[in-house]
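Engineer: Okay, handing you the structure first.
Numbering (the numbering used here), first residue to last: 18 to 416.
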């Protein structure tokens with residue numbers, strides 16, 4: 018290293034010229050080091066799993082909506098999209114959006130990962146978190162969904178569906194909610210929200226599984242319209258953190274309320290243990306297979322849905338089974354756990370040959386589903402493996 022004696026009008030009058038000398042020396046020795054980027058306030062991750070029948074036009078349209086909304090992204094936020102659709106001429110990408118630079122390519126895949134594979138999702142989230150450090154993170158999961166149903170058990174869908182062939186075909190690998198929870202734990206980030214832009218995901222079983230990795234679960238217990246969330250209008254809500262994240266549900270509902278209709282809610286996961294404590298003593302008094310007559314359903318058991326189990330509204334079930342006084346007491350715990358609930362009179366469904374997608378129990382509906390064991394039903398054993406049901410059974414014994 019060559020040292021120079023600097024003398025100029027700037028430094029000539031400085032008594033402590035040696036400070037400048039050592040400052041320059043320090044810069045010379047460390048000029049190859051890069052300062053870490055200043056953390057953003059919030060990064061909203063949108064993970065689009067569209068290597069299935071949702072690929073065209075729905076995934077493409079939603080990505081375009083994010084592009085259109087980029088100018089509205091707050092200065093302290095970035096929206097980062099993992100995008101995998103069924104195009105054969107383009108591998109998956111990670112794209113970032115903000116109000117200054119618009120769209121930027123962050124990462125281009127050279128191969129086609131299975132987006133529902135835990136290692137692939139973990140790697141994508143690591144790329145995003147390393148590239149965009151932030152104080153808060155939120156996650157949107159975009160794809161097909163079937164709530165708590167275990168993987169590899171017909172109809173083989175929980176969250177996501179990737180056929181691995183770039184085909185517009187609903188087949189291939191899905192991700193169990195327990196696997197999703199483990200992936201999010203491994204990011205070493207606590208997520209402000211997990212927003213499921215997918216059908217049937219707002220059930221107490223899913224929220225309970227994710228209670229340690231996110232503050233809010235936002236989703237619909239029923240089907241959602243094919244075009245999904247209105248991302249141009251929603252984009253500022255995706256950049257919300259903490260207790261403001263529930264606005265995602267409100268904006269989504271307001272957009273579809275007088276169109277196709279929507280049922281959606283925001284679940285506060287820290288209150289789910291209290292909900293379990295309020296629910297278990299009630300369920301302990303029921304027979305093994307309680308009546309489901311008059312209870313609000315979001316789907317019925319049918320061949321077109323590949324024999325998915327029924328999705329029953331939790332509030333409607335408690336309201337039908339118990340007295341008004343018991344329901345009112347239980348509702349206090351429910352309102353803490355699901356403080357933001359929305360339901361139009363009807364919603365869009367592809368299963369109208371099997372049931373009428375309308376609200377039949379408005380007095381009790383809470384826009385969150387739960388499974389009710391049905392005698393002879395193949396799903397009963399699988400349901401017993403969920404964390405929610407294990408907790409209910411434990412509390413029944415303790416009570």
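By construction, the Cβ of each residue, glycine as well, lies at the ideal position given by its N, Cα and C atoms.
Three Cβ pairs or more, each shorter than 8 Å: is that satisfied between the segment 188-195 and the segment 78-89?
Structural biologist: Segments in contact, no.
Engineer: Would you mind sorting residue 275 into buried or exposed? The rule is 16 or more other CB atoms within 10 Å of its CB.
Structural biologist: Locating residue 275 in the chain shown gives position 258, counting from the first residue. Classification for residue 275: exposed.
Engineer: Count the other CB atoms within 10 Å of the CB of residue 141; is the residue buried (16 or more) or exposed (fewer)?
Structural biologist: The residue given as residue 141 occupies position 124 in the chain shown. It is buried - the Cβ of residue 141 has at least 16 other Cβ atoms within 10 Å.
Engineer: So, residue 284 versus residue 387, is the Cβ gap smaller than 8 Å?
Structural biologist: For the purposes of this step, residue 284 is taken as residue 267 along the chain shown, with counting starting at 1. For the purposes of this step, residue 387 is taken as residue 370 along the chain shown, with counting starting at 1. Not in contact: residue 284 and residue 387 (Cβ atoms no closer than 8 Å).
Engineer: I need the DSSP call for residue 217, collapsed to helix, strand or coil.
Structural biologist: The count along the chain shown starts at 1 and reaches residue 217 at position 200. Coil.
Engineer: State buried or exposed for residue 258, treating a residue as buried only when at least 16 other CB atoms are found within 10 Å of its CB.
Structural biologist: Numbered from 1 along the chain shown, position 241 holds the residue referred to as residue 258. The residue in question, residue 258, is buried, as its Cβ has 16 or more Cβ neighbours within 10 Å.
Engineer: Comparing alpha-carbon positions, which option in 403, 408, 411, 270 lies nearest residue 164?
Structural biologist: For the purposes of this step, residue 164 is taken as the residue at position 147 of the chain shown. Of 403, 408, 411, 270, the residue nearest in Cα terms is 403.
Engineer: Using the C-alpha atoms, what's the distance from residue 337 back to residue 413?
Structural biologist: Here residue 413 refers to the residue found at position 396 when the chain shown is read from its first residue. Here residue 337 refers to the residue found at position 320 when the chain shown is read from its first residue. The alpha-carbon atoms of residue 413 and residue 337 are separated by roughly 20 Å.
Engineer: What does the Cβ neighbour count give for residue 224, buried or exposed, with the cut at 16 atoms within 10 Å?
Structural biologist: Here residue 224 refers to the residue found at position 207 of the chain shown. So residue 224 counts as buried.
Engineer: Leaving out the 5 sequence neighbours to the left and right, which residues in its chain are closer than 7 Å to residue 299 when beta-carbon positions are compared?
Structural biologist: Along the chain shown, one-based indexing puts residue 299 at 282. Closer than 7 Å at Cβ, skipping near neighbours: 335, 339, 343, 347.
Engineer: Less than 6 Å between C-beta atoms, sequence neighbours within five positions excluded: which residues of the same chain meet that for residue 216?
Structural biologist: Numbered from 1 along the chain shown, position 199 holds the residue referred to as residue 216. Within the same chain, residue 216 has close Cβ partners 162, 240, 241.
Engineer: Can you tell me which of 310, 321, 322 puts its alpha carbon nearest to the alpha carbon of residue 330?
Structural biologist: Locating residue 330 in the chain shown gives position 313, counting from the first residue. Out of 310, 321, 322, 310 has the C-alpha closest to the C-alpha of residue 330.
Engineer: Report the CB separation of residue 214 from residue 262 in whole angstroms; it is logged as a contact under 8 Å.
Structural biologist: Taking the first residue of the chain shown as position 1, residue 214 is located at position 197. Taking the first residue of the chain shown as position 1, residue 262 is located at position 245. About 14 Å; that fails the 8 Å criterion.
Engineer: Counting only runs that start and end within the segment 159-211, where is the alpha helix (DSSP H) found for 4 or more residues in a row?
Structural biologist: 194-203, all fully within the segment 159-211.
Engineer: In three-state DSSP terms, what is residue 143?
Structural biologist: Position 126 of the chain shown, counted from the start, is the residue given in the question as residue 143. The answer is helix: DSSP assigns residue 143 an H, G or I state.
Engineer: Tell me whether residue 219 is buried or exposed, calling it buried when 16 or more other Cβ atoms sit within 10 Å of its Cβ.
Structural biologist: Taking the chain shown and counting its residues from 1, one reaches residue 219 at position 202. By the 10 Å Cβ count, residue 219 comes out buried.
Engineer: What is the DSSP secondary structure of residue 338, counted as helix, strand or coil?
Structural biologist: Indexing the chain shown from 1 puts residue 338 at position 321. Reduced to three states, the DSSP call for residue 338 is helix.
Engineer: With residue 119 as the anchor, note down where its alpha helix (DSSP H) starts and where it stops.
Structural biologist: Position 102 of the chain shown, counting from 1, holds the residue named residue 119. First-last for residue 119: 119-125, but that is the beta strand (DSSP E), not the alpha helix (DSSP H).
Engineer: Could you have a look at residue 381 and say whether DSSP puts it in helix, strand or coil?
Structural biologist: Along the chain shown, one-based indexing puts residue 381 at 364. Three-state DSSP puts residue 381 in coil, outside helix and strand.
Engineer: Just curious, the beta strand (DSSP E) that residue 101 is in, first and last residue?
Structural biologist: Residue numbering aside, residue 101 sits at position 84 when the chain shown is read from its first letter. Its beta strand (DSSP E) spans residues 94-101.
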